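J.: Dropping a structure here in structure tokens format, bear with me for questions.
Here you go:
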């Protein structure tokens, strides 16, 4: 064999191996260029599974980004941990907050904001498409600091079979709080004749403490009360309306006798068929749907003297400052993608914040969810946009 040809062949082979090795190194480098971000949520209930499924879908469709779905119990401790993580430079790139929790992060310059035009361009939606109030606390001085996905407020679940057995029309749930008492009396029964009440019209307390507090807020707001004074420096519910709203629920126990005196878990009692009416949010829809044999519907809360209000809030996404640029950009891309999937998020137990999505056939095919959405304009009432409100509520619950 010609030695010159051998040298040339070896040279070509070496060049090919080097090129191949370089290509492998390049491929490996590309494979390592995955931006990993944390998405912090408070979704400890059934709705968390829906969000996690969407996170997994996003990860599959975006091989260059990996979103870690994190869950911590909500409330004051959630806020404290988040503030600490931002101040220490170790914040998650995307965080789910309730709308009324956002002002503290705006006031302390802890989260990113966009001009209205830039926000609409970045997230691909119009601010005019939102249910009134669902972005209110997230817009300050024409800067937008969050993306609201879904909304929820309290409403009245009721057992259809109980209504029929009591001679009540299930197509006509109570429209006023006086009617509510009359319905409750008809529904509170000793069904087996042993002298003990085994089917209650309503539960006033017991179970999840926040729900009990929020039902009082709702009636108090319908009576025209406010939780804080105008400049938000003092509580404003220590008055006749505040007492009257609380007394209403006390009377349901002691006077009207449609609620048991002992605290009881309303969610479980309603699911078991021993409770006829139950105040809760849309996050219970999927649970009640899963209970075999439970024939239920939902309606908006009764009105007080024609005034309507129900405690509510949102699931809104914010983007903490201090994270690396690549992580922030990935989080924004994730947020825009999630904003385009709000029907799926609403199915978790809420309704979309965007009017066009509420009107869509896909969402209207969810009848119970649609009841909540239909009442949004009249009923949705947000808690005060006060920095220390989570801590204040923790005190209320003690």
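Residue numbers (this note's numbering): 2 to 399. All C-beta atoms, glycine included, are put in the ideal place defined by N, C-alpha and C. Keep in mind the model is a prediction, meaning the values are calculated, not measured.
When DSSP labels each residue in this structure, what does residue 235 get in the three-state scheme?
T.: The count along the chain shown starts at 1 and reaches residue 235 at position 234. Reduced to three states, the DSSP call for residue 235 is coil.
J.: Is it buried or exposed, residue 216, if we count other Cβ atoms within 10 angstroms and call 16 or more buried?
T.: By one-based count along the chain shown, residue 216 stands at place 215. Residue 216 is buried by the Cβ-count criterion.
J.: So for residue 112, helix, strand or coil by DSSP?
T.: Your numbering for residue 112 matches position 111 in the chain shown. Of the three classes helix, strand and coil, the one that applies to residue 112 here is strand, per DSSP.
J.: Classify residue 28 as helix, strand or coil using the three-state DSSP reduction.
T.: Within the chain shown, the letter at position 27 stands for residue 28. Its pLDDT being 41, under 50, residue 28 is placed unreliably in this model, and the coordinates cannot settle the point.
J.: Using the Cα positions of residue 259 and residue 282, report the straight-line distance between them to the nearest angstrom.
T.: In the chain shown, residue 259 corresponds to position 258, counting from 1. In the chain shown, residue 282 corresponds to position 281, counting from 1. When rounded, the distance between both Cα atoms is 21 angstroms.
J.: Which same chain residues, not among the five before or five after residue 371, have their C-beta less than 6 angstroms away from its C-beta?
T.: Here residue 371 refers to the residue found at position 370 of the chain shown. Cβ within range, chain order: 365.
J.: Which residue comes first and which comes last in the alpha helix (DSSP H) that contains residue 359?
T.: In the chain shown, counting from the first residue as 1, residue 359 sits at position 358. Counting along the chain, the alpha helix (DSSP H) containing residue 359 begins and ends at 356-359.
J.: When the Cα atoms are used, what is the spatial distance from residue 208 to residue 263?
T.: For the purposes of this step, residue 208 is identified with residue 207 of the chain shown, where counting begins at 1. For the purposes of this step, residue 263 is identified with residue 262 of the chain shown, where counting begins at 1. Those two C-alpha atoms are separated by around 11 angstroms.
J.: To the nearest angstrom, how far is it from the Cα of residue 383 to the Cα of residue 105?
T.: Indexing the chain shown from 1 puts residue 383 at position 382. Indexing the chain shown from 1 puts residue 105 at position 104. When rounded, the distance between both Cα atoms is 16 angstroms.
J.: Quick check on residue 58: buried or exposed, where buried means 16 or more other Cβ atoms within 10 Å of its Cβ?
T.: By 1-based counting over the chain shown, the position of residue 58 is 57. That one is exposed.
J.: Classify residue 316 as buried or exposed, calling it buried when 16 or more other Cβ atoms lie within 10 Å of its own Cβ.
T.: By 1-based counting over the chain shown, the position of residue 316 is 315. The residue in question, residue 316, is buried, as its Cβ has 16 or more Cβ neighbours within 10 Å.
J.: Please list the segments of the beta strand (DSSP E) lying wholly inside the region 222-308, counting only runs of 3 or more residues, in order along the chain.
T.: Correct list: 278-281, 297-300.
J.: Based on the DSSP secondary-structure assignment, which residues constitute the bridge partners of residue 70?
T.: Residue 70 sits at position 69 when you count from the first residue of the chain shown. Paired residue(s): 40.
J.: Along the alpha helix (DSSP H) that carries residue 55, what are the first and last residues, could you check?
T.: One-based indexing of the chain shown puts residue 55 at position 54. Run containing residue 55: 48-62, per the alpha helix (DSSP H) assignment.
J.: If you draw a straight line from the C-alpha of residue 42 to the C-alpha of residue 273, how long is it?
T.: For this step, residue 42 is matched to residue 41 along the chain shown. For this step, residue 273 is matched to residue 272 along the chain shown. Each residue's Cα considered, the two are about 30 angstroms apart.
J.: State the CB to CB distance for the pair residue 257 and residue 182, rounded to an integer number of angstroms; the pair is presumed to be in contact (CB under 8 angstroms).
T.: On the chain shown, residue 257 is found 256 positions in, with the first residue counted as 1. On the chain shown, residue 182 is found 181 positions in, with the first residue counted as 1. Rounded, the Cβ-Cβ distance is 5 angstroms, consistent with contact.
J.: Residue 39: buried (16+ other C-beta within 10 angstroms of its C-beta) or exposed?
T.: Within the chain shown, residue 39 is the residue found at index 38, counting from 1. Looking at its Cβ environment, which holds 16 or more other Cβ atoms inside 10 Å, residue 39 is buried.
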